[in-house]
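Each remark here refers to the structure printed beneath this line.
There are 2 protein chains.
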Amino acid sequence: MSPALVISVPQTLEIDQYILYGKCSNSLLVVIRLKLGQDSDPRFGLFIQSKTMDESPQQTVQGLGSLPFYVGGTQVLGLACVVITGVWMGSYHGGYAWDGTQQEFNVHPLCMVLGMVFLYGDAILVYRVFRNESKRNVKILHAVLHFLALIISIVGIVAVFDYHNHEKIPNMYSLHSWCGMLTFLLFCIQWLMGLGFFLFPGTLTSMRSWYLPLHVFFGLAMLAMSLATCLLGISEKLFFAIQATYSQFVPEGILGNVLGMLLIAFGILIGYIVTREDFRRPPHPEEEALSVHFKTLTEGGSPSSP
Amino acid sequence: MSPALVISVPQTLEIDQYILYGKCSNSLLVVIRLKLGQDSDPRFGLFIQSKTMDESPQQTVQGLGSLPFYVGGTQVLGLACVVITGVWMGSYHGGYAWDGTQQEFNVHPLCMVLGMVFLYGDAILVYRVFRNESKRNVKILHAVLHFLALIISIVGIVAVFDYHNHEKIPNMYSLHSWCGMLTFLLFCIQWLMGLGFFLFPGTLTSMRSWYLPLHVFFGLAMLAMSLATCLLGISEKLFFAIQATYSQFVPEGILGNVLGMLLIAFGILIGYIVTREDFRRPPHPEEEALSVHFKTLTEGGSPSSP
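Protein sequences, first through last, are from chains C and U. So for the first sequence, full-length UniProt numbering puts the first residue at 1; every next one is plus one. So for the second sequence, full-length UniProt numbering puts the first residue at 1; every next one is plus one.
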C-alpha cells in the first residue's frame, strides 16, 4: 500500500486546479492553491497530523499480511455453504431435475446460496482482493460477478415458483418468501443503479460521490438480508421435511443448523474485511489525477473507494 | 467550530516545521515542506478531499437537520415492533403468565424484541442523539441501555427454557435457538469487553482505540444477528401455530410477516444512521487534545510560518 498525503479541505473552500509537489533533497514541497468560495470564512485552522491509517511500512505489511487469510476464510466458508447446500438437497431430498417436482425445488436453495451469498460476497470482496488492478477493471469484475449472481438467482427463483405452480402450492405467503423477494428486488435496483452511476461514462463525479456511500451501505445491508433469508429458508425446509424428528437432533437437522452457522460466519467475515479501515483500497496514480481535477471524490476519513 | 484544513501525512514522512499560507485575491495558497524520513517511499499519493466533519454552517444544519427524522423513524419502527409482538402474543395466544404454560412462552418474544432489538438499537443510537453531551455521560447511558437489554433478554430466555422444561419440549435444537444463543453469548462478551475497555478507568487509550472499531463492527453485526434470530422466531412460531392455514394468507400469518418487514426496516435505519459519516459525533475540544497528535497548529487568516 503506497502511503498517501491527504488534504482535507473544509467545504467552505473550493478546490482549485492548482496542485504542485516535488522532492527537493530530502524535503518534499507541496503547493496547493485553493479557491475561496463566496461565503468562505477567512479565519480557519490549519492542522497537520500523522495519518494513522497509512502507517509505517512495517505496520502496513502486518495489517495487509492478514488480508489473504481473511479472504481465504471467506472462500472456505462460502464454498462450504454451497457444498453443504448441494449435498443436503442431493442426498436427503433426491437430487436435481427441472420437471416441477421436489427435485426442481432442490435447485432453489443451491442457486440462492451460490448466487445471493457466495458470488454476491465475492463481488463485494474484489475491491479488497485486486488492490493493485486498475479501478475500471475491478469495477467491471464487480459488475460481472453481480450479474452472474443475478442470473443464478433468477434460475433459483424460477425453480421454486415453477415447483409451487406445478404442485399447486401457493406462492409468496411465508416470511422467507417476503424477505427473499424484497432482497431480490432491492438487489436488482442496486445493480442497475450501480451500472448507471459507476459504469455509465456520462455520470457526473459529484453524483457518483453522492451515491457511493449509499451503494456501499445497501450492498452490505442486502447481503445481511440475503443471509437472513437463507436462514429462514433452512428453518422452513427443516420444519417441512423433519418437523417430527427435528427436536431429536437428527443428522439432517444438525446439518441445516450448521449450514446456518456457516452462513452467519461468512457474512461476518465479509462485513469485517469490507469495513476494516486498513484493508481499504489504496489510492492509485490514475485515480489521483481524477481526484485532484474533480472537486469532490472521497467521503469519509480515508482515501478509499470501493 | 471554525473550519479546518487538515493535512494528514503518512507516517513515513516526517513533518517539517515549515508551513506557509496566505490569501491572494480569492485564492488561498498553502505551501508545505515535509521532511522525507530515511525509509520514506518517494512514491506516494496526494489526495485532496472535501472534509465532511467541519462543514459550512448551512450544510451542517442540512445534514444534521435530517437526523431527528431518521431517529424518529427508528423509534416509530422499534415501538411498532414491540407493540405488534405484544399484541400478537396477547390476542392470538392468550396473553402472559409465569406458570410454565404457553402464556409463559409468550413472554419470550416480547422480551427479546424489547431487549435485543429496541433497547439494543437505542443504545447504539445514543452517540448520534446526544451529540453535545459529554462523552462520559453518553458512554454510561450506552452501557445502562445495554444492561437493561441484557436483563430483559435474560428474562425472555428463562421464560422459553422454563416453558420447554415444563412441557417436556427439548431445548436448543432449532436454528432459531442456535442463532439466538450465539447472539446472546456474543452480546454478553461484548458488554463485558465494552465495560472493561471503555468505562474501566485504567485502560490505556491505545488499547481503547485498538478495540473501538471491533466494538462498533461487532455491535452492528450482532444487531443484524439478533434481527435474523427474530425473523427465524417469527417463522418458527407461525409454522407451529398456523402451518395448516399460513398459505391462505390468514391475518396472523400476515401480521407475523409484517412484523418481520418492520424489524428489517428498523435494522436498516439504525445501520444507516450509525454508519453515515456526517451523523458522526463531532470531535469535542477536550477529546481532540487526547486523540489527535497534531504537531503544528496555526490560527488566523494571515500568512504565518510556525
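Using N, Cα and C, we set each Cβ at its ideal position, and we do this for glycine too.
| Item | Value |
| --- | --- |
| Verify whether the separation of the beta carbon atoms of threonine 85/U and leucine 238/U is less than 8 angstroms. | no |
| Quick one: what does DSSP say leucine 148/U is sitting in, helix, strand or coil? | helix |
| Considering Cα atoms alone, identify which of Gly156/C, Val274/C, Ile254/C and Phe69/C is closest to phenylalanine 105/C. | Gly156/C |
| Might you give, ordered along the chain, the residues of its own chain that have their beta carbon closer than 6 angstroms to the beta carbon of leucine 263/U, omitting 5 neighbours on each side? | Cys81, Leu227 and Cys230 |
| One question on the structure: do cysteine 179/C and methionine 225/C come within less than 8 angstroms of each other, judged by their Cβ atoms? | yes |
| Between valine 113/U and the rest of its own chain, which residues show a CB-CB distance below 6 angstroms, the 5 nearest in sequence each way excluded? | Cys81, Val82 and Thr85 |
| Would you say the region 199-210 of chain U touches the region 162-182 of chain U, given that touching needs at least three Cβ pairs under 8 angstroms? | no |
| Is the region 66-76 of chain U close to the region 263-283 of chain U, with three or more CB pairs under 8 angstroms? | yes |
| Kindly indicate which three-state DSSP category glycine 95/U falls into: helix, strand or coil? | coil |
| Just verifying my parser: in three-state terms, what is the DSSP assignment at tryptophan 178/C? | helix |
| How big is the Cα-Cα spacing for threonine 101/C and serine 209/U? | 56 angstroms |
| Starting from the Cα of alanine 159/U, find the closest Cα among Phe197/U, His108/U, Phe266/U and Ser235/U and give me that residue. | His108/U |
| Glutamate 133/C lies in the alpha helix (DSSP H); which residues open and close that run? | Segment: none, glutamate 133/C is in no alpha helix (DSSP H) and carries neither H nor E. |
| Is there a C-beta anywhere in chain C that falls below 8 angstroms from the one on asparagine 132/U? | no |
| Could you confirm whether any beta carbon from chain U is found closer than 8 angstroms to the beta carbon of alanine 241/C? | no |
| Can you say whether histidine 166/U is buried or exposed, counting buried as having 16 or more other CB atoms within 10 angstroms of its CB? | exposed |
| Starting from phenylalanine 266/U and walking both ways along the alpha helix (DSSP H), at which residues does that stretch end? | 251-275 |
| For a contact meaning CB atoms closer than 9 angstroms, what does isoleucine 270/U contact in chain C? | Near isoleucine 270/U there are no residues of chain C at all, since even the closest Cβ is about 11 angstroms away, more than 9 angstroms. |
| Along chain C, in chain order, which residues have C-beta atoms closer than 7 angstroms to that of proline 170/U? | Ser247 |
| Exposed or buried, methionine 207/U, counting other C-beta atoms within 10 Å across all chains shown (16 or more means buried)? | exposed |
| Span of the alpha helix (DSSP H) holding aspartate 278/U? | Aspartate 278/U -> no alpha helix (DSSP H), and no H or E assigned at all. |
| Residues in its own chain within less than 7 angstroms of alanine 123/C by CB, not counting five upstream and five downstream? | His142, Leu145, His146 and Ala149 |
| Our contact map puts leucine 153/C next to methionine 116/C with C-beta atoms below 8 angstroms; I'd like the distance itself, whole angstroms only. | Sequence check: residue 153/C is serine here, not leucine. Right, the Cβ-Cβ distance comes to about 5 angstroms (below 8 angstroms), so this counts as a contact. |
| Which residues in chain C have a C-beta closer than 9 angstroms to the C-beta of phenylalanine 217/U? List them in chain order. | Ile268, Gly271, Tyr272, Thr275 and Arg276 |
| Buried or exposed for serine 134/U, please, with buried defined as at least 16 other CB atoms from any protein chain shown within 10 angstroms of its CB. | exposed |
| Do you know offhand how far proline 170/U's Cα is from glycine 94/U's? | 23 angstroms |
| Leucine 34/C and leucine 34/U - do their beta-carbons sit closer together than 8 angstroms? | no |
| If you reduce the DSSP assignment to three classes, tell me which class serine 66/C lands in. | coil |
| Taking a cut of 8 angstroms between CB atoms, which residues from the region 172-204 of chain C lie near chain U? | Tyr173, Ser174, Leu175, His176, Trp178, Cys179 and Leu182 |
| Can you list, in chain order, the residues of its chain with a C-beta nearer than 8 angstroms to that of asparagine 137/C? Leave out the 5 residues immediately preceding and following it. | Phe130 |
| DSSP state of glutamate 236/U, grouped into three classes? | helix |
| Assign leucine 212/U to one of three DSSP states: helix, strand, or coil. | helix |
| In this structure, how does DSSP classify alanine 123/C when only helix, strand and coil are distinguished? | helix |
| Using only the alpha-carbon positions, how far apart do glycine 253/C and glycine 65/U sit? | 50 angstroms |
| Determine the chain U residues that contact alanine 221/C at a beta-carbon separation under 7 angstroms, and present them in chain order. | Ile268 and Gly271 |
| Quick one: residues in its chain with C-beta nearer than 6 angstroms to the C-beta of tyrosine 246/U, no 5 flanking neighbours on either side, listed in chain order? | Leu238 and Gly253 |
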